[in-house]
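Residue numbers (full-length UniProt numbering): 1 to 357.
Worksheet for the structure shown next.
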């Protein structure tokens with residue numbers, strides 16, 4: 001057999017192998033559901049197919065650079081790669097019982113939810129997802145008045161995490177309720193990740209057991225639904241190097257802690273995802289900001305809460321601009337916040353005093 005015939009034979013068999021790979025990937029997309037992972041032998045097979053494609057491309061390049069007299073020197077390489085291609089075709093026929101197996105490390109539960117519609121809601125889901133994919137983000141706060149769809153949005157995020165990304169091995173959903181209990185939170189989290197408490201452990205020991213298990217299992221997302229007040233994640237057993245999503249419930253009073261509030265000019269924080277911003281925030285009476293790294297453009301001019309009575313900014317490093325554009329005069333009962341008021345607020349973060357409007 002001539003050298004050219006050897007190359008044609010290799011290309012024909014490689015085409016067959018790539019067709020098998022394409023079919024395998026199609027089946028894989030169907031079988032690779034939550035709680036499943038690819039079999040190790042299948043993963044290795046796919047990697048070897050990719051490797052051989054690269055080697056054939058490299059061989060093609062070298063042959064193209066060779067003269068008619070030296071092309072034959074590559075015959076041994078052609079034969080070697082052809083044999084490997086044949087072995088992979090045979091090996092694929094030995095995959096029995098499907099391409100996936102149960103993933104013992106996988107933790108999470110798909111939740112029932114409704115279909116979400118509206119551009120504002122879609123924008124909210126998109127931004128939360130982008131934050132989750134950003135390794136620099138550790139905590140995400142989602143808040144709004146009751147009934148605006150916070151929990152529904154987060155259920156969609158929960159299900160999307162389980163379906164679309166292999167970035168997290170664990171997705172935990174915890175409903176917190178109004179009266180936060182560290183003990184109950186620890187027990188709820190432990191039950192999700194397979195940790196058993198004997199009943200004699202103190203808070204610190206329980207936190208250590210949770211931390212140790214989570215560290216062994218890999219990256220995780222924890223969604224705390226219906227959270228009313230600040231919770232020490234370290235006391236629970238969660239360190240800040242992983243993702244946590246916290247969902248405060250109502251907004252008659254809102255406390256924001258340990259996060260950056262840095263909104264772009266077109267979309268201030270308190271108008272971005274609410275279709276009727278004034279109506280949604282008209283009941284907000286107090287707003288407390290604690291230990292926030294940066295705050296800017298908190299309110300749009302038409303969204304300064306009508307009944308805001310108390311605004312505290314405590315131990316915040318930087319406060320650039322509370323209102324995206326200054327309100328020159330009060331209209332329809334809105335607070336007319338002047339530049340002097342903004343100046344007073346900017347002083348608060350360094351003095352740690354409370355400001356009452």
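The beta carbon of each residue, even a glycine, is placed where N, CA and C say it ideally should be.
Nearest neighbour of residue i, chosen from the options [CA to CA]
{"i": "residue 41", "options": "61, 30, 82, 101", "result": "101"}
{"i": "residue 232", "options": "218, 204, 67, 215", "result": "204"}
{"i": "residue 142", "options": "1, 25, 225, 33", "result": "225"}
{"i": "residue 28", "options": "11, 46, 1", "result": "46"}
{"i": "residue 202", "options": "215, 213, 21, 184", "result": "184"}
{"i": "residue 25", "options": "92, 234, 63", "result": "92"}
{"i": "residue 112", "options": "22, 179, 37, 173", "result": "173"}
{"i": "residue 21", "options": "58, 37, 95", "result": "95"}
{"i": "residue 37", "options": "164, 234, 128, 119", "result": "164"}
{"i": "residue 60", "options": "11, 200, 48", "result": "11"}
{"i": "residue 212", "options": "57, 182, 234", "result": "234"}
{"i": "residue 168", "options": "182, 135, 200, 48", "result": "135"}
Range of the contiguous alpha helix (DSSP H) that encloses residue i
{"i": "residue 209", "result": "203-217"}
{"i": "residue 59", "result": "40-64"}
{"i": "residue 139", "result": "Where residue 139 is concerned, there is no enclosing alpha helix (DSSP H), although the beta strand (DSSP E) it sits in stretches over 139-141."}
{"i": "residue 162", "result": "150-164"}
{"i": "residue 96", "result": "Neither: residue 96 is in no alpha helix (DSSP H) and is coded neither H nor E."}
{"i": "residue 29", "result": "3-31"}
{"i": "residue 185", "result": "182-193"}
Contacting residues, own chain, Cβ-Cβ under 6 Å from residue i (five flanking each side not counted)
{"i": "residue 66", "result": "none"}
{"i": "residue 170", "result": "107, 217, 220"}
{"i": "residue 175", "result": "225, 226"}
Segment limits, beta strand (DSSP E) that includes residue i
{"i": "residue 220", "result": "220-227"}
{"i": "residue 113", "result": "Unbroken run through residue 113: none, as it is neither H nor E."}
{"i": "residue 238", "result": "Residue 238 -> no beta strand (DSSP E), and no H or E assigned at all."}
{"i": "residue 102", "result": "100-102"}
{"i": "residue 171", "result": "170-175"}
Per-residue burial, residue i [other beta carbons within 10 Å of its own, 16 or more giving buried]
{"i": "residue 90", "result": "exposed"}
{"i": "residue 108", "result": "buried"}
{"i": "residue 153", "result": "buried"}
{"i": "residue 44", "result": "exposed"}
{"i": "residue 150", "result": "buried"}
{"i": "residue 223", "result": "buried"}
{"i": "residue 277", "result": "Residue confidence is low: residue 277 scores 36 on pLDDT, short of 50, so the model does not pin down where it sits. Its coordinate-derived value is still stated next. Under this definition residue 277 is a buried residue."}
{"i": "residue 17", "result": "buried"}
{"i": "residue 2", "result": "exposed"}
{"i": "residue 214", "result": "buried"}
{"i": "residue 362", "result": "The displayed coordinates of the chain run from 1 to 357. Any statement about residue 362 would go beyond what the structure contains."}
Residues of its chain near residue i, where Cβ-Cβ distance is below 8 Å and the 5 sequence neighbours each way are ignored
{"i": "residue 210", "result": "186, 189, 190, 193, 195, 236, 237, 238"}
{"i": "residue 13", "result": "82, 85, 86, 89"}
{"i": "residue 31", "result": "98, 99, 100"}
{"i": "residue 116", "result": "122, 125, 149, 152, 153, 156"}
{"i": "residue 131", "result": "137, 140"}
{"i": "residue 180", "result": "227, 228, 229, 231"}
{"i": "residue 129", "result": "157, 160"}
Contacts around residue i, its chain only, beta-carbon distance under 7 Å, and the 5 residues preceding and following it disregarded
{"i": "residue 114", "result": "152"}
{"i": "residue 39", "result": "99, 100, 101"}
{"i": "residue 62", "result": "74"}
{"i": "residue 177", "result": "226"}
{"i": "residue 246", "result": "Only weak support is given to the placement of residue 246: the predicted model assigns it a pLDDT of 48, under 50, and the value that follows is read from those uncertain coordinates. Once the five neighbours on either side are set aside, the close Cβ partners of residue 246 are 139, 141, 224, 227."}
Meets three-Cβ-pair contact criterion under 8 Å: the stretch 5-18 and the stretch 63-83: yes
The stretch 150-165 contacting the stretch 197-212, beta-carbon criterion three pairs below 8 Å: no
The stretch 75-93 contacting the stretch 39-57, beta-carbon criterion three pairs below 8 Å: yes
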